[in-house]
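These protein sequence lines are chains W and B, in that order. Heads up: the first sequence begins at 1 in our numbering, then just goes up one per residue. Heads up: the second sequence begins at 115 in our numbering, then just goes up one per residue.
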Amino acid sequence: AQSVSQHNHHVILSEAASLELGCNYSYGGTVNLFWYVQYPGQHLQLLLKYFSGDPLVKGIKGFEAEFIKSKFSFNLRKPSVQWSDTAEYFCAVNEDNAGNMLTFGGGTTLMVKP
Amino acid sequence: EPEVTQTPSHQVTQMGQEVILRCVPISNHLYFYWYRQILGQKVEFLVSFYNNEISEKSEIFDDQFSVERPDGSNFTLKIRSTKLEDSAMYFCATIGTFYNEQFFGPGTRLTVL
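Next comes the structure, spelled out in structure tokens:
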């Protein structure tokens, strides 16, 4: 079965620091990849997604992610975080021949200190 | 911007009772999903629903669970006889077309006592 790993469970950064959150998945076939964010008290919102094409995808709020197929990775990055980026971040994967069900990673809680 | 809504936001129930969680999808969306997140654990897929039928379901989605779209708008998840381990956040998600992003509702926190 598909599994998704997010190795950083809790990350604390100061404003303006750079961010990279790791995401690795186990499935060897074609996948669609997503990063969702959940701000305190809010619902899951899509940050960015990768289906095909350029492996470097840009999302909302200055976030980007790079799909590296050989490493089964889809790491999320942001060059300079803000206090408002404090949230929980979830990587999710959908196998291309398995309907649209998402398999989620365990989430990373990011706290940005002002 | 259209949103997925869920009611109630918090449900407290006694073990063995039936609960119905409701989701109102975005109006032109056709694919519906339920996920759950037990406190401190991953978000887990429960079931997907399209054209008034279950498309896929996970091992979690046993005979105690059922889904339906009773009136063409609401999408419901019923747990027939709740157990303590059913306590979790339950998220509804919908998409308009296949291979697109899923829009999530705010969740229902279910507490089984």
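Think of the CB as a built atom: it goes at the ideal place given N, C-alpha and C, for glycine as much as any other residue. Computed from a predicted model, the values in this text were never measured in an experiment.
For the beta strand (DSSP E) containing LEU64(B), list its first residue and its last residue. In the structure displayed, chain B extends from 115 to 227; residue 64(B) sits before or after that span and is not available.
Going along the chain, which residues of the segment 149-165 of chain B sit with their C-beta nearer than 8 angstroms to a C-beta in chain W? TYR149, GLN155, LYS156, VAL157, GLU158, PHE159, SER162
Name, in chain order, the residues that DSSP records as bridge partners for ARG150(B). To locate residue 150(B), count along the second sequence from 1; it is residue 36. GLU158(B), TYR204(B).
Please say whether TRP83(W) and GLU20(W) have beta carbons closer to each other than 8 angstroms? As a working note, residue 20(W) is residue 20 in the first sequence. As a working note, residue 83(W) is residue 83 in the first sequence. Not in contact: GLU20(W) and TRP83(W) (Cβ atoms no closer than 8 angstroms).
Pull up the distance between the alpha-carbon of PHE72(W) and that of SER5(W), whole angstroms please. For the purposes of this step, residue 72(W) is taken as the residue at position 72 of the first sequence. For the purposes of this step, residue 5(W) is taken as the residue at position 5 of the first sequence. Cα-Cα distance, rounded: 10 angstroms.
Cβ neighbours of THR103(W) in the same chain (closer than 6 angstroms, five flanking residues each side left out): For the purposes of this step, residue 103(W) is taken as residue 103 along the first sequence, with counting starting at 1. So the list reads GLN2, VAL4, VAL93, once near-sequence residues are dropped.
Curious, which full-length beta strand (DSSP E) runs of at least 3 residues does the segment 54-114 of chain W contain? 56-58, 64-68, 73-78, 87-95, 108-113
Taking only beta-carbon positions, decide if LYS49(W) is within less than 8 angstroms of chain B. Locating residue 49(W) in the first sequence gives position 49, counting from the first residue. At least one chain B Cβ lies under 8 angstroms of LYS49(W).
CA-to-CA distance, THR127(B) to VAL133(B), given in whole angstroms: Walking along the second sequence from the start, residue 133(B) turns up at place 19. Walking along the second sequence from the start, residue 127(B) turns up at place 13. Straight-line Cα distance between these residues: approximately 8 angstroms.
Other residues of its chain near ILE152(B): CB distance less than 6 angstroms, five sequence neighbours each side excluded: As a working mapping, residue 152(B) is identified with position 38 in the second sequence. Within the same chain, ILE152(B) has close Cβ partners ALA202.
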